[in-house]
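Working notes for the structure below.
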Amino acid sequence: MRLSDHFYHSELTRSHLAVRHAIANQPAETEICALRQLCIAILEPVRRHFDVPIVPSSGFRCRALNRLLGSADTSSHCRGEAVDFEVMGVSNIKLAHWMAENLHFDQLILEFPDAADGAAGWVHVSFKNRYNRGQCLTRLHSGYEIGLPQFHKPL
Ligand SMILES: [Zn+2]
Numbered sequence: 001m002r003l004s005d006h007f008y009h010s011e012l013t014r015s016h017l018a019v020r021h022a023i024a025n026q027p028a029e030t031e032i033c034a035l036r037q038l039c040i041a042i043l044e045p046v047r048r049h050f051d052v053p054i055v056p057s058s059g060f061r062c063r064a065l066n067r068l069l070g071s072a073d074t075s076s077h078c079r080g081e082a083v084d085f086e087v088m089g090v091s092n093i094k095l096a097h098w099m100a101e102n103l104h105f106d107q108l109i110l111e112f113p114d115a116a117d118g119a120a121g122w123v124h125v126s127f128k129n130r131y132n133r134g135q136c137l138t139r140l141h142s143g144y145e146i147g148l149p150q151f152h153k154p155l
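Start counting the sequence shown at 1; every next residue gets the next number (full-length UniProt numbering).
What follows is the structure, given as structure tokens:
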């Protein structure tokens, strides 16, 4: 099932961990609607701008899968409102800055970046159908920091 021009249901629900544990990880209709909005508001504009295919690493997570990952039941991934991804050939810091300047979202988290390695970490982003906070955070091993690091380094 297609969710938007370039993104399919399978790409936003697949998980190696779910397969390994025989978890179906199937979203309900409400969560599919949220995933569709996420694709249209976030993934499509990113794909259009950088003009390369994007392979999401984690989109929807049913509660069982999310718990296996050690994430809280309140995670926006469980509502189909969040996706983790990277863009091939673009540093995650550069990607996060572009998104912060050009997109509407609830929360953007630059996860475990490394100034010396643009491919390190990934970007988590969530989108809701209203009350999007536009909050940017950076997650380091020491905890969360407000905002994004002010360095750009090509991959
Ligand atoms: Zn995430």
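Here a beta-carbon is modelled for each residue, glycine too, at the ideal position from N, C-alpha and C.
- With a cut-off of 8 Å on Cβ pairs, the region 65 to 77 is not in contact with the region 43 to 55, counting fewer than three such pairs.
- A distance of 8 Å or more separates the beta carbons of G70 and A34.
- In the DSSP assignment, A64 falls within the alpha helix (DSSP H) that extends over R63 to L68.
- For D117, the beta-bridge partners assigned by DSSP are D114.
- Annotation for Q37: F127 and N129 place their beta carbon closer than 7 Å to its own, counting only its chain and skipping 5 residues before and after.
- Counting along the chain, Q37 sits inside the alpha helix (DSSP H) bounded by residues E29 to L38.
- Annotation: E86 is outside any beta strand (DSSP E) and is labelled neither H nor E by DSSP.
- Under the 10 Å beta carbon count, F7 is surrounded by 16 or more other beta carbons and is classified as buried.
- Distances from the alpha-carbon of E11 to those of A41, F85, C78 and T74 put F85 closest.
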